[in-house]
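Contents: one structure, followed by commentary.
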Amino acid sequence: MVSAVRYHEISESTHRIMNPFSLDKLVLLGDLCRLGTGSRLLDLACGKGEMLCRFAERFGSTGVGIDLHPPFLAEARARGVELGVDGSVSFLEGDAGHPAGLNGPFDVVSCIGATWIGGGLTGTLRLMSEWLAPNGWLLVGEVYWAAPPSQSVRETYEEGEGFADLGGTLERFEAAGLDLVEMVLASADDWDRYSASQWLNVADWLMANPDDPEAAEIRQDRDTSRRRYLSEERGCLGWGVFVLRRQQLP
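Counting from 1, one number per residue, gives the positions in the sequence shown under the working numbering.
Following this line, the structure appears as structure tokens:
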């Protein structure tokens, strides 16, 4: 059976940002968090490390990323070299849900689209907060329901805590003692670019690897994902990065 990570390795082979997000929106997050020289970042489940590398290049920040998947980490390290920031960013192989050996706290702690590391949004916010400096910033990327989903879509996406609409997501932030101070949401075009580009990546891989033992299953996964996105998901899936700080009590 082809693992989800293996499928994403193929379907997102040309992606530097592994979420429905543009580079301009990614950079905007650094502006919102007022990054500068000396800012220290921790990115949990960092994927290919594009955010940390871009922030280091643009703002002079430093950062540590943690991820379980060695091929993604290899790309992250290569990207750091390519952008000339390999001395400012480091990438560790490990379980982002149980980070160890870190020199915290950090000015920004992020988890962009991987709240499964903490069993859902609430658990991940708790984990992130443990590494956050006083007056620091949390960046959490999360799915939300832009419209009520069908039962099949809900079953596909919801494990553990599940997702909420924007109002329900705000309630979860507040219950965690966090203040939502900004957000940058994906557009329909961001979603389309993220999803449709995966279809082409898979098609190119299948053309280059017609006899691969995984080819039939990779094709089936792509076909299922494509049909589900077009027929069910496109109208109800929302995604965004939410900018949070600890609540300041009077």
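Every residue, glycine too, gets a C-beta built ideally from N, C-alpha and C.
Do R77 and E50 have their C-beta atoms closer together than 8 Å?
-> no
Given that a residue counts as buried once 16 or more other Cβ atoms are within 10 Å of its Cβ, and exposed if not, what is R148?
-> The identity of residue 148 in the sequence shown is Pro, whereas the question assumes Arg. When all chains shown are included, P148 counts as exposed.
Classify L121 as buried or exposed, calling it buried when 16 or more other Cβ atoms lie within 10 Å of its own Cβ.
-> buried
Selected residue, minimal CA-CA separation from A96, among T115, G87, G80 and N103 | T115
Pick out whichever of I66, P71 and S90 has its Cα sitting closest to the Cα of H98.
-> I66
Which term fits L23, buried or exposed, when burial requires 16 or more other beta carbons within 10 angstroms of its beta carbon?
-> exposed
Of all the beta strand (DSSP E) runs that stay within the bounds of the segment 85-143, which reach a length of 3 or more residues?
-> 89-93 and 106-112
How would you call N135, buried or exposed, if buried means at least 16 neighbouring beta carbons within 10 angstroms?
-> exposed
Straight-line Cα distance separating S150 from D204 | 31 Å
With a threshold of 16 other CB atoms inside 10 Å of the CB of N19, please say whether the residue is buried or exposed.
-> Buried, because 16 or more other Cβ atoms sit within 10 Å of the Cβ of N19.
Work out the CA separation of S152 and E217 for me, nearest whole Å.
-> 21 Å
C-alpha gap between P105 and T224, whole angstroms | 42 Å
Do you know how far the Cα of L102 is from the Cα of D212?
-> 40 Å
Does DSSP put F72 in a helix, in a strand, or in coil?
-> DSSP, read as helix, strand or coil, puts F72 in helix.
Between the CA atoms of R222 and V2 - distance to the nearest angstrom = 12 Å
Please classify R77: does DSSP put it in a helix, a strand, or coil?
-> helix
Is the number of C-beta pairs between the segment 193-207 and the segment 28-47 that are closer than 8 Å three or more?
-> no
Identity of the residue in S88, D107 and E75 nearest R246 by Cα = Sorting S88, D107 and E75 by C-alpha distance to the C-alpha of R246 places D107 at the top.
Based on Cα-Cα distance, which residue from R154, S39 and L206 lies nearest to Y7?
-> L206
Length of the line joining the Cα atoms of F55 and E161 = Straight-line Cα distance between these residues: approximately 31 Å.
For D43, is the classification buried or exposed, using 16 other Cβ atoms within 10 angstroms of its Cβ as the cut-off for buried?
-> buried
Please report the residue range of the beta strand (DSSP E) in which E182 lies.
-> L178 to L185
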